[in-house]
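*Asks:*
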Amino acid sequence: EVATVRLAKQFGIGYLPLTLIEEQGLLEKHAQEAGLELRTEWLRFTGGSGMNEALLSGNLDIAAGGVGPMLTIWARTQNNLQVKGIAALESMPLYLVTTDPEVQSLADFNRSHKIALPAVKTSIQAITLQMAAEKYLGEGRHDALDAFTVSMGHPDAQLAMMGGRSEINAHFGAPPFQNQELKDERAHKVLDSYEVLGGPHTFNVIWAKNEFVENNPTVMAALMAALEESIGFIRDNPDKAARIWAEVEATNLSHDEVVDLITDERVNWTTAPQGILPYVEYMSRVGLISASTDDWRDVFFDMVHDTEGS
Amino acid sequence: MPEAVARLKDIRRRMDDDRPEIHHDDTEAGELTIIEQRLSGFEILYREAWLRKLVILAVLALIWEIYGRTLNNDLLFPTFSATILAFFTGLMDGTLPAAAWSSGKVLLMGYGLGIVLAATLTALAMASRIGTDFLETMTSMFNPLPAIALLPLALIWFGLGNASLVFVLVHSVTWAIALNTHSGFLGVSRTLKMVGRNYGLRGPAFIMKILIPAAFPSILTGLKIGWAFAWRTLIAAELVFGVSSGSGGLGWFIFENKNMLDIPKVFAGLLTVIIIGLVVENLIFRTIERRTIERWGVQH
Amino acid sequence: MPEAVARLKDIRRRMDDDRPEIHHDDTEAGELTIIEQRLSGFEILYREAWLRKLVILAVLALIWEIYGRTLNNDLLFPTFSATILAFFTGLMDGTLPAAAWSSGKVLLMGYGLGIVLAATLTALAMASRIGTDFLETMTSMFNPLPAIALLPLALIWFGLGNASLVFVLVHSVTWAIALNTHSGFLGVSRTLKMVGRNYGLRGPAFIMKILIPAAFPSILTGLKIGWAFAWRTLIAAELVFGVSSGSGGLGWFIFENKNMLDIPKVFAGLLTVIIIGLVVENLIFRTIERRTIERWGVQH
Amino acid sequence: MQSRQPLLTVQGVTLQYKTPHHLITATYRVSFDVMQGDRFILLGPSGCGKSTLQKAVGGYMTPTEGEMRLKGRKITQPGPDRMMVFQEFDQLLPWKTVKQNVAFALHASKRMSRREAEEKAMEYVSKVGLASFADSHPHMLSGGMKQRVAIARGMAMEPDILLMDEPFAALDALTRRKMQDELLKLWDETKFTVLFVTHSIAEAIKIGNRILLLSPHPGRVKAELNSTTDAQQAIELEQHIHQMLFSHEPEEVEHA
Amino acid sequence: MQSRQPLLTVQGVTLQYKTPHHLITATYRVSFDVMQGDRFILLGPSGCGKSTLQKAVGGYMTPTEGEMRLKGRKITQPGPDRMMVFQEFDQLLPWKTVKQNVAFALHASKRMSRREAEEKAMEYVSKVGLASFADSHPHMLSGGMKQRVAIARGMAMEPDILLMDEPFAALDALTRRKMQDELLKLWDETKFTVLFVTHSIAEAIKIGNRILLLSPHPGRVKAELNSTTDAQQAIELEQHIHQMLFSHEPEEVEHA
Ligand SMILES: Nc1ncnc2c1ncn2[C@@H]1O[C@H](COP(=O)(O)OP(=O)(O)OP(=O)(O)O)[C@@H](O)[C@H]1O
Ligand SMILES: Nc1ncnc2c1ncn2[C@@H]1O[C@H](COP(=O)(O)OP(=O)(O)OP(=O)(O)O)[C@@H](O)[C@H]1O
Ligand SMILES: [Mg+2]
Ligand SMILES: [Mg+2]
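So the protein sequences, as listed, match chains G, B, Y, A and P. Here the first sequence is numbered in this note's numbering, starting from 676 and rising by one per residue. Here the second sequence is numbered in this note's numbering, starting from 6 and rising by one per residue. Here the third sequence is numbered in this note's numbering, starting from 6 and rising by one per residue. Here the fourth sequence is numbered in this note's numbering, starting from -4 and rising by one per residue. Here the fifth sequence is numbered in this note's numbering, starting from -4 and rising by one per residue.
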């Protein structure tokens, strides 16, 4: 088995379990308990595509990101590398926030609106928006809002919307940006992804190539154990977890704000993948991915097969 | 020094020669026949620039194909044939031409404006010392700034969409062209500049009629570099600036397909950029060169 | 035409003149005294380049400050004073110098390698026709390609980290320098080239001792453009490539602070790039120019 | 004739080149007057400041001391009223053909329309014997041919004052004599003024009516002489000038 | 002497310039031999191909027809065994001072060490009267001064054969005579071979021992004559050459 495992992180509170594993050396600890001297190397990425390329070129073992990119690479590699999810990190709601008081539902959006989201058409926000359009505006109208969407990174989108000088007046973001935006009285929520999906759904997952998982059973076991421990830590000591996170992550949030984010009742820290199937079903139906399945277990390695996934 | 002179005379006396003198009759210029040395078949072919370039391109394509096959990782680096296939598919279903057209429009606008701005700055720089300092200072300050640095200003001034893209393009084109043009202007021979002034040319007329043609090789290099950087910037900027869906250019095409991990299509997009580059270089820039620099004999 | 000649003699006879002839005694060269025309105080100050540039910088800073204040939108565009404050904070707590140093190292490496590669390509281009075609083809193909296009190859060949960054930098530097150098070489006067060959110089010696100094203004322009684009590319590439923890450069600094919505710090990062640009231009490039181009009198 | 206003007055002019490391005084307090219709010769050893003086009259240099006036107006900048034929071979615009080079000068300086300029250009190009090269670009010409184009351009402009800097230096004896004759013939027709630099004493006497002798480093006026058309006097004058210039080298006068 | 091997043989050489739109024949089937120690003159009207012939001997052009051999070896490329003094003023390296320009030639062509080169350079710079400008860069020199540096460089190299293209054209009478004498003195010392282009018949007779007359467009050999040192014969020879060159213009021989 490998002596060094290379893991990726991105920005955001959603990667908190990984931050704790890194800071508390949990992976090394569990590997040692299983009799393996393991080193870790943590890499930072700002987006999914650079990370996927790193994974495919063998420069990265375990990637972390949203459900969308994971499903894409899963569908693409079915016949060769067989990339699959390892585990979820949490279930978290995504909000569509707007500063236009006129807009109360999706139907109120018109040409005068610009909705910022990370990547038009392909990001998890864009897909969720399409699913919402289909659900609330009617069958066949899934792309009705696409014309109003604009690709923009979360910080740029928040600055543009709250700065109030550009056409951007809505943002389908992620924590903590959406929470910060909602603190401003000018902004309000139009859409909640939990409602679209009909319940909680996974936001971030980690994934790897089949080859790596098969060749490194001990590492994978240690990783799962580390994940469980860190999630347990978050549940039991949100205060400490927030402190650690604020210390190592560049943030302008206050301690209380971080704690609020972590302990938000709608957030569920769990390795169990939730709401995966609706995404698979929708994405394959509109042709975003070419593979489909009706068992969420096909998308994940067997480490999480006995959890309460969906 | 009469002595020295005497010695010189002495020298010359010694050299008296017994070679016969030769006289030729005048030939009429019309009667001349010239026997040229023959070239071998290979040499004749080798003299054709387009042939040499085609060979280079073929070799590069071959290397790509072979490397792609040995690598055997279609998700990272597709083979040349897979790329060509994706390219033709994209060409047939109209997505690639549409994307290229959409990018091309913005590009030409930004490029054109950049040239105008560069011309203005350089003209100011030639007109006064403070103009020179201004150009130098602006260039050394702004040229190293990446396009994302301009995002906030672009958003404030131009909002989303093409206007902002054009702004960023101007930024990427202007400085390179201005630098080359200015250094070209400074390098124009002193005599030529004096000749121009002698004709009473001044200001814009002097720049148009003397400096620009005299500095043309430098300017053309600047235009080439500006052109290339405009493409680079455009493709990167289409991501940073966001595009409303449905109106994306080549950058968007590449980004979207990359997100969907459709890598042959990504490379088909890049291939389009490459092909446009080759076409512009060999049809436009080369023609300009042939009509100007080569005819004037200013590059050797 | 003895008639014409007779007429000429006639003309000249007519011009006989009654002006007196003038004879001067020889003055000794040592005795010369020269009364110079005085300059006004403003003119003396205006002659100082650094002073003019300082004024320009001050005016730009003022415009920034005023615009920032009227805009009054710290989230989008902070004032100059807020930026300066953030800059000094960053300077004091060591984050900015560390980031600049980390970027600088990679940058210099990429820049250096880019120069070497450009030199090699240009040397090949000067040596043979196929070399010229190769350079032209490569440049027109690859120069327009954005750095992200090289990412997959960079990852395969160099993995994550600085080596890949250097690779991307080389790509952004090489073509611009090669284009300028090559066009500079081609523009070297025919006579100078003949002189060099006459000395028996050939190959690298010919390039080093004749072509490079003769084409120096063009090369320097290429180096300036390459330098600027290296910065641009580096800052953009640091985001795409990701970093191992704790090793980020200026690009990462900017991204991180943007994520935290700490916009003055973002601008402090950009200001660092600007300041480095100004320093390099005025200390390094200007000095080189003074020592070479100006002393040789090849730019006017 | 003495009462005429001079066309060009040069009054105590000192010309200096300032380079970052040197200050070179090219001429020192040079004074002379050129009358309307003069064929005024500047004669002196290599490096004595002849070209520099011409450039100053052309308006390209500002004197450190003294001043120069053309028709009473101080010379501050170049202009087509003083047409220059430079010493350098690179004075033709490489992007124009021989004919265009001459025509462009006429047209750009607003002397005449493009049409007229073309015709006049062709006439002068023929005068200097380059009719068959009218459509060649300068890089295809020999050194002497380039100079002839510059001469054609200068003469075609018919300026108030024609400034010629060793225009015939690169020409063979035959071509040279033809050019000299063309110049004198043209002068006969239009009586323009010419300030002519040469290093040939014989040429000075043949072309000029007034000759300024300069001494070297820095250039100062040694003498201002009248020329002559009488063959015998010419030989004497030549000897005389020879002696004045070469006085420090008491050598037999040899002809070369 | 007749039995000696020629140093340089030029055999039926036709030289052409190919440009994208024109094909210009500069010389047509020119043949001549230059012996060791010759001071061989090329004389002919402007544009007759003198410079082109020199460039071909220098190895910069390949004949369309015929061939040129130096010491029996075909000339294919330039080299320091044939040192050129060009007609153009821009033949000095602008980034080197006067002294360095001469020294660099000596050093770069592997004639001598850097040290020796410096000394020798200074010696020759003094010979052409530019000692006080030894540390100036070329752009600070007058036209004639530039040419003198080139002459110093050519002579300092002491090549097998020195190719000089109108080297004294830009020089005043005095400086010119000095340079001519320097050249002859140097020849006396080292007996090098020189191929000399000039447009002055007097200079040709003074400098040369053998004179090649060329007719124009394209350049063809008109005659190859021996020079003379006898004053009376020289005048006759001058008249003779004059007649041959100007034969189509039956005019009195005037001196200028
Ligand atoms: N651009 C320049 N910079 C500095 N010094 C110069 C420059 N041009 C000429 N000089 C100096 O000025 C002096 C006069 O030069 P000028 O060209 O006027 O001489 P000239 O009389 O025309 O000589 P020649 O007959 O050789 O052409 C010389 O000593 C020369 O070194
Ligand atoms: N680079 C060139 N390209 C094309 N034609 C040229 C080139 N150089 C010279 N020629 C032509 O070749 C012929 C001979 O030119 P060359 O320079 O040898 O004459 P030359 O005898 O040296 O004249 P001069 O005494 O005027 O210097 C001329 O007709 C000229 O037009
Ligand atoms: Mg001069
Ligand atoms: Mg010549």
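We put the CB at the ideal spot given by N, CA and C, even for glycine.
When the Cβ atoms of the region 23 to 38 of chain A are set against those of the region 198 to 205 of chain A, are three or more pairs found closer than 8 Å?
*Replies:* Enough Cβ pairs lie closer than 8 Å, so yes.
*Asks:* Inspect the CB distances between the region 216 to 230 of chain P and the region 181 to 191 of chain P and report whether three or more fall short of 8 Å.
*Replies:* Counting Cβ pairs under 8 Å, fewer than three are found: no touch.
*Asks:* Which two residues bound the contiguous beta strand (DSSP E) that contains Glu27(P)?
*Replies:* With the sequence shown as reference, residue 27(P) is identified as Phe, and Glu is not the correct amino acid for it. From DSSP, the beta strand (DSSP E) with Phe27(P) extends over 18 to 29.
*Asks:* Taking contact to mean at least 3 C-beta pairs separated by less than 8 Å, is the region 827 to 836 of chain G in contact with the region 802 to 816 of chain G?
*Replies:* The answer is no - the region 802 to 816 of chain G does not touch the region 827 to 836 of chain G, with fewer than three Cβ pairs under 8 Å.
*Asks:* Between Glu249(A) and His235(P), what straight-line distance do the alpha-carbon atoms span, to the nearest angstrom?
*Replies:* In this predicted model, Glu249(A) has a pLDDT of only 39, less than 50, meaning its place in the structure is not dependable; the value taken from the coordinates is given anyway. Whole-angstrom Cα-Cα distance: 20 Å.
*Asks:* Excluding the 5 residues preceding and the 5 following Tyr12(A) in the sequence, name in chain order all residues of the same chain whose CB lies nearer than 7 Å to its CB.
*Replies:* Within the same chain, Tyr12(A) has close Cβ partners Ile19, Ala21.
*Asks:* So, is Gln72(A) buried or exposed, given that buried needs 16 or more other C-beta atoms within 10 angstroms?
*Replies:* Under this definition Gln72(A) is an exposed residue.
*Asks:* Can you determine whether any heavy atom of ligand 2 sits closer than 8 Å to the C-beta of Ser724(G), and answer yes or no?
*Replies:* No, Cβ of Ser724(G) sits at least 8 Å from all heavy atoms of ligand 2.
*Asks:* Determine the chain G residues that contact Val245(Y) at a beta-carbon separation under 7 Å, and present them in chain order.
*Replies:* Under the 7 Å cutoff, chain G gives Gly725.
*Asks:* When Cβ atoms are compared, which residues of the region 815 to 837 of chain G fall closer than 9 Å to chain B?
*Replies:* Residues Asp818, Asp821, Ala822, Phe823, Thr824, Val825, Ser826, Met827, Gly828, Asp831, Ala832, Leu834, Ala835.
*Asks:* Given 8 Å as the limit, tell me if Glu198(A) has its C-beta closer than that to any heavy atom belonging to ligand 3.
*Replies:* Glu198(A) Cβ: outside cutoff for every heavy atom of ligand 3.
*Asks:* Any idea if Ile280(B) is buried or exposed, counting beta-carbon neighbours within 10 angstroms, 16 or more meaning buried?
*Replies:* Exposed is the call here.
*Asks:* With DSSP as the reference, please indicate the residues paired to Trp882(G) in a beta bridge.
*Replies:* Beta-bridge pairing links Trp882(G) to Ala738(G), Gly760(G).
*Asks:* In angstroms, rounded to a whole number, what distance separates the CA positions of Leu118(B) and Val175(B)?
*Replies:* Rounded to whole angstroms, Leu118(B) to Val175(B) spans 6 Å at the Cα level.
*Asks:* What would DSSP say about Ser1049(G), mapped onto helix, strand or coil?
*Replies:* Because chain G spans 676 through 985 in this model, residue 1049(G) falls outside it and cannot be assessed.
*Asks:* Is the Cβ of Gly302(Y) closer than 9 Å to any Cβ of chain P?
*Replies:* It does: the Cβ of Gly302(Y) has a partner Cβ on chain P nearer than 9 Å.
*Asks:* Does DSSP put Val677(G) in a helix, in a strand, or in coil?
*Replies:* DSSP places Val677(G) in coil when its eight states are reduced to three.
*Asks:* Could you tell me which uninterrupted beta strand (DSSP E) segments, each at least 3 residues in length, are contained entirely in the region 691 to 742 of chain G, listed from first to last along the chain?
*Replies:* Listed in chain order, they are 714 to 719, 738 to 741.
*Asks:* Taking the alpha helix (DSSP H) that Met806(G) belongs to, which residues open and close that run?
*Replies:* It spans 799 to 812 - the alpha helix (DSSP H) in which Met806(G) sits, taken as one unbroken run.
*Asks:* Could you work out which residues of chain G lie near Leu164(Y), taking near to mean beta carbons separated by less than 7 Å?
*Replies:* This sequence places Gly at residue 164(Y); Leu is not what is there. In chain order: Asn734.
*Asks:* Given Asn148(B), which residues of its chain have a CB within under 6 Å of its CB, disregarding the five upstream and five downstream residues?
*Replies:* Only Trp180 meet the Cβ criterion.
*Asks:* Can you give me the Cβ contacts of Asp818(G) inside the same chain, cut-off strictly under 8 Å, excluding the 5 residues immediately before and after it?
*Replies:* Closer than 8 Å at Cβ, skipping near neighbours: Gln805, Ala808.
*Asks:* Excluding five sequence neighbours on each side, which residues of the same chain lie with their C-beta closer than 7 Å to the C-beta of Ala165(P)?
*Replies:* So the qualifying residues of the chain are Gly138, Gly139, Gln142.
*Asks:* Can you tell me the Cα-Cα spacing of Leu179(P) and Asn96(A), whole angstroms?
*Replies:* Looking at the two C-alpha atoms, the distance is approximately 41 Å.
*Asks:* What's the gap between the Cα of Phe163(P) and the Cα of Asp160(A)?
*Replies:* Going by the C-alpha atoms only, they are around 16 Å apart.
*Asks:* Is Leu136(P) near ligand 1, going by C-beta to nearest heavy atom under 8 Å?
*Replies:* Yes, ligand 1 has a heavy atom inside 8 Å of this Cβ.
*Asks:* By the DSSP assignment, the beta strand (DSSP E) with Ala845(G) in it spans what residues?
*Replies:* Its beta strand (DSSP E) spans residues 843 to 847.
*Asks:* Does DSSP put Ser137(A) in a helix, in a strand, or in coil?
*Replies:* Of the three classes helix, strand and coil, the one that applies to Ser137(A) here is coil, per DSSP.
*Asks:* Taking only beta-carbon atoms, is Gly848(G) less than 9 Å away from chain Y?
*Replies:* By this cut-off, Gly848(G) is not an interface position.
*Asks:* Quickly, what does DSSP pair Phe191(P) with across the bridge? List them, please.
*Replies:* For Phe191(P), which the question treats as bridged, DSSP gives the partners Ile36(P), Met159(P).
*Asks:* When you measure from the CB of Met140(A) to every non-hydrogen atom of ligand 2, does any distance come out below 8 Å?
*Replies:* Yes, since a heavy atom of ligand 2 falls inside the 8 Å radius drawn around the Cβ of Met140(A).
*Asks:* Do Leu216(B) and Met131(B) come within 9 Å of each other at the CB atom, strictly closer than that value?
*Replies:* The answer is yes: Cβ separation under 9 Å.
*Asks:* So with Cβ pairs under 9 Å, would you call Ser131(A) a contact of chain P?
*Replies:* Yes, its Cβ sits closer than 9 Å to a Cβ of chain P.
*Asks:* List, in order along the chain, the chain A residues whose C-beta lies closer than 8 Å to that of Gly39(P)?
*Replies:* The answer, in chain order, is Asp167.
*Asks:* Kindly list the residues whose CB is nearer than 7 Å to the CB of Ala51(P), restricted to its own chain and excluding five residues on each side of it in sequence; keep chain order.
*Replies:* Only Val8, Leu10, Pro58, Met63 meet the Cβ criterion.
*Asks:* Nearest CA to the CA of Gly109(B): which residue from Ala154(B), Ala233(B), Gly73(B)?
*Replies:* It is Ala233(B) whose Cα lies nearest to the Cα of Gly109(B).
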